[in-house]
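In this note's numbering, the protein residues as written are 23 to 620.
Following: one structure in structure tokens, then a few remarks.
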Ligand SMILES: Cc1cc2nc3c(=O)[nH]c(=O)nc-3n(C[C@H](O)[C@H](O)[C@H](O)COP(=O)(O)O)c2cc1C
């Protein structure tokens, strides 16, 4: 930073540089919020108070008590809750920030102000850490909460049938208990940042009204904490592709690629278990077909949610077109007035069926209607980045990040369908090209800090984070105590990273490996069958403190693995069903059962 460009003197500038050099992204975000808080405070004439970080000292008004509860799986709700708490602290609010699994819900009746930030997982279910709180508040034992002010921020994804269901249920339960809604529930889709920032600003403004004596920071003076100058979804890093290789055999019916990207010059830091966010690009062929079906001019400049853009560019880079969500089909029915489309929307079974394997082009082909380019864009949601479990350890690969990508391609109704990001990475991106990326932290999928035993279960690309785990253990020279269960279709063509596992076995970083190749024999063999075969030893590992990891497909694998694990605990532990469930629950609570499923 140049002294001429800043209002700071040389001494102040040095101090600032020392503070920010090597700071982690979350520390920079915190500092950004802190400084913006100072700025807000300064404009209100309480610089002295701000300078000490004591925002209440000038007024000595009593702080407003606020409890912020979050329920998260992949960490987004947690990050939002933390940012909210930091902003609240600059507003004379005494924030208590609590993960839902560390909060006794009986305390609810003593709360005055409560903000809940919660995501939805599974099929409309609460994240694991929110299960107990959810059961309590939605159950018979929920207390009367008439004196409580509250608001809910719900995170979700509109492509799921039960969008933001957990947040909705908690919101309804609060209402039923008589709590006073400070602000209506806000439900965020995958592009959650702006809605979340607005809710944060609005809810803090509502809380400020509860303190008439206190000087209020205007909403615009408060830090949002989301747009700090670090690499993120909104400010991704341009990474060069260093290498790209197909790692399934030519005869395989699956195309899986290993990609290595350069992080040089970014200071990006990631941990094994984190995911890489990739800014996706849609297939140009699909873009062309949509334009042809609409009969509009391809580069007509149109108004989009991010300003004026040529229509083809908007479709390729900014809107979701490779899949259909309920929201889109509902809006299409309304906009076009099509009774046929409305009939699909009104029939759950038909709708489920239609959403599966169809995209927006199917709507245009099957239920044609005259829409302008702008009207069409209004129906669509923004193109969300795609997340890939990182398959490298930064300790081992330093300025690189590796991912494992399965190319999504299938045929439906005589037309080839392509996954937006997987085909972008597999087909259209070459070595030396640039790709926009950021790190999506996953604090709930971490190696145990003490080097205790790990059991890793993955099918297909679900093996990716375990490559990162073993790379990390190799750099730390931590041998043994690791067991991998891997499943795919065929040994000869689908054994991802085979040579690497063999190397780890030989060197002792991997102690045991069990493989399930489902189509190499008559009867289907999956990872859960291998777990069952090894149940005695597996239970012994759990009893000896092992952590159990599960990564991969939610629908076809994760459920079966969890049922099998529960069964193993019951049989091997000689437990009743109830006892086995509470053993399993304890594993989750102690973060010894961790899942990254999609
Ligand atoms: C396996 C899985 C299942 C999900 N199920 C739902 C769902 O049923 N409904 C929904 O609205 N969102 C669902 N989501 C989307 C998450 O709620 C969304 O990604 C959210 O931003 C995650 O927030 P968190 O990091 O705080 O957990 C699901 C995500 C995953 C990975």
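Cβ atoms here follow ideal geometry from the backbone N, Cα and C, with glycine treated the same way.
Item, Value
"Residues sharing a beta bridge with residue 139, DSSP", "92, 175"
"Rounded straight-line distance, which links the Cα of residue 297 to that of residue 70", "With a pLDDT of only 30 at residue 70, under 50, the local geometry of the prediction cannot be trusted, and no value is derived from it."
"The segment 411–420 touching the segment 255–262, judged by at least three CB pairs closer than 8 Å", "no"
"Rounded separation between residue 503 and residue 492 - CA only", "11 Å"
"Sequence-distant residues of its chain with Cβ nearer than 6 Å to residue 102 (five each side left out)", "139, 218"
"Beta-carbon spacing of residue 480, residue 488 below 7 Å", "yes"
"Segment limits, beta strand (DSSP E) that includes residue 573", "569–574"
"DSSP-derived helix/strand/coil call for residue 306", "helix"
"Given residue 593 as reference, the closest of 573, 558, 229 once Cα atoms are compared", "558"
"Beta-carbon proximity list for residue 199, same chain, < 7 Å, skipping 5 on both sides", "164, 165, 166, 167"
"DSSP-derived helix/strand/coil call for residue 228", "helix"
"CB contact flag (residue 383, residue 312, <7 Å)", "yes"
"Status (buried if at least 16 other CB within 10 Å, exposed otherwise) for residue 206", "exposed"
"Residues bridged to residue 323 (per DSSP)", "332"
"Residue 272 - DSSP class collapsed to helix/strand/coil", "coil"
"Nearest-angstrom Cβ-Cβ length linking residue 394 and residue 457, presumed shorter than 8 Å", "Wrong, their Cβ atoms sit about 32 Å apart, outside the cutoff."
"Check: residue 458 C-beta below 6 Å from any heavy atom of ligand 1", "no"
"Within 7 Å, strictly: CB atoms of residue 292 and residue 416", "yes"
"Three-state class that DSSP yields for residue 619 in the structure shown", "strand"
"Top-ranked residue by Cα proximity to residue 93, from 104, 87, 441", "104"
"Local conformation of residue 613 per DSSP, three classes", "coil"
"Cutoff 7 Å: residue 321 Cβ touching any chain B Cβ", "You won't find chain B in this structure, because it holds only one protein chain."
"Inter-residue spacing [alpha-carbon to alpha-carbon] between residue 399 and residue 466", "36 Å"
"Rounded straight-line distance, which links the Cα of residue 323 to that of residue 108", "41 Å"
"Residue 619: CB within 6 Å of a non-hydrogen atom of ligand 1", "yes"
"Stretch-stretch touch, CB-based, cutoff 8 Å, three pairs: the segment 177–189 with the segment 147–162", "yes"
"Secondary structure, alpha helix (DSSP H): runs of 4+ residues fully inside the segment 320–408", "333–339, 348–358, 361–368, 370–377, 382–388, 395–401"
"Where the alpha helix (DSSP H) containing residue 513 begins and where it ends", "513–516"
"heavy atom of ligand 1 below 6 Å from residue 179 C-beta", "yes"
"DSSP-derived helix/strand/coil call for residue 119", "strand"
"Nearest candidate by alpha-carbon position, reference residue 2, set 549, 113, 179", "Past the edges of the chain, shown from 23 to 620, lies residue 2, and the structure says nothing about it."
"Nearest-angstrom Cα separation, counted from residue 272 out to residue 245", "Note that residue 245 has pLDDT 37, beneath the 50 cutoff, so the model's placement of it is unreliable and no number is given."
"Range of the contiguous beta strand (DSSP E) that encloses residue 460", "456–462"
"Counterpart residues of residue 509 in DSSP-defined beta bridges", "481, 538"
"Residue 278: first and last residue of the uninterrupted beta strand (DSSP E) it sits in", "278–284"
"Per DSSP, cross-strand counterpart(s) of residue 432", "439"
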